[in-house]
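Okay, structure first, notes after.
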Amino acid sequence: MISRQLAIFLVVGITTVLIDFVVYTILFKLMHTNPELAKGISFITGTVFAYASNRKWTFEHQGAIHTNIVPFCLLYASTLFVNVSANGLLLDLFEHIIFGYLIAFLIATILSATLNFAGMKWWVFKHPGKGAAS
4 MISRQLAIFL VVGITTVLID FVVYTILFKL MHTNPELAKG ISFITGTVFA
54 YASNRKWTFE HQGAIHTNIV PFCLLYASTL FVNVSANGLL LDLFEHIIFG
104 YLIAFLIATI LSATLNFAGM KWWVFKHPGK GAAS
């Protein structure tokens, strides 16, 4: 079951990352928005897509939205902090590297995506009565 969920999560995740990256690039590179603000807005935009898609397809959660929206928001708020912080630190580290902003974006995204999958799998969309290994 986890391999199916992981495969769907990856498809949803890739789409989410594309949404995140397009919004980030438009705001940061084209509109010269502060990088933290651009990353925060792009992450939240992807989050809206990720919630709906992961709830419906990845974890096939049947419960009412109110049963998992708060844990989802808490998870994504914490991974937003991780994502934006990592992105900011890595932008400084890769400041003089061509496409350094892309490298920073990808590393921050991989870090937060890993935390998001674990949090959704074993906390947010955990099926009641099936235990953590389901």
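Here the working numbering runs 3 ahead of the position in the sequence shown, where the first position is 1. Ideal Cβ placement from N, Cα and C applies to all residues, glycine included.
Contact between the region 94-107 and the region 57-75 is not established, with fewer than three Cβ pairs separated by less than 8 Å. In the three-state reduction of the DSSP assignment, Ile72 falls in the helix class, which pools H, G and I. Closest in alpha carbon position to Lys42, among Thr82, Cys76, His69, is Thr82.
Lys129 sits in coil when the DSSP states are folded into three classes, being neither helix nor strand.
Across the structure, Asp23 and Ile68 are spaced so that their CA atoms are roughly 23 Å apart.
Within the same chain, and ignoring the five residues on either side of Tyr27 in sequence, the residues whose Cβ sits closer than 7 Å to its Cβ are Ala41, Lys42, Ser45, Phe108.
A straight line joining the alpha-carbon of Thr48 with that of Ser115 spans about 15 Å. The three-state reading of DSSP puts Ile101 in coil, since its state is none of H, G, I, E or B.
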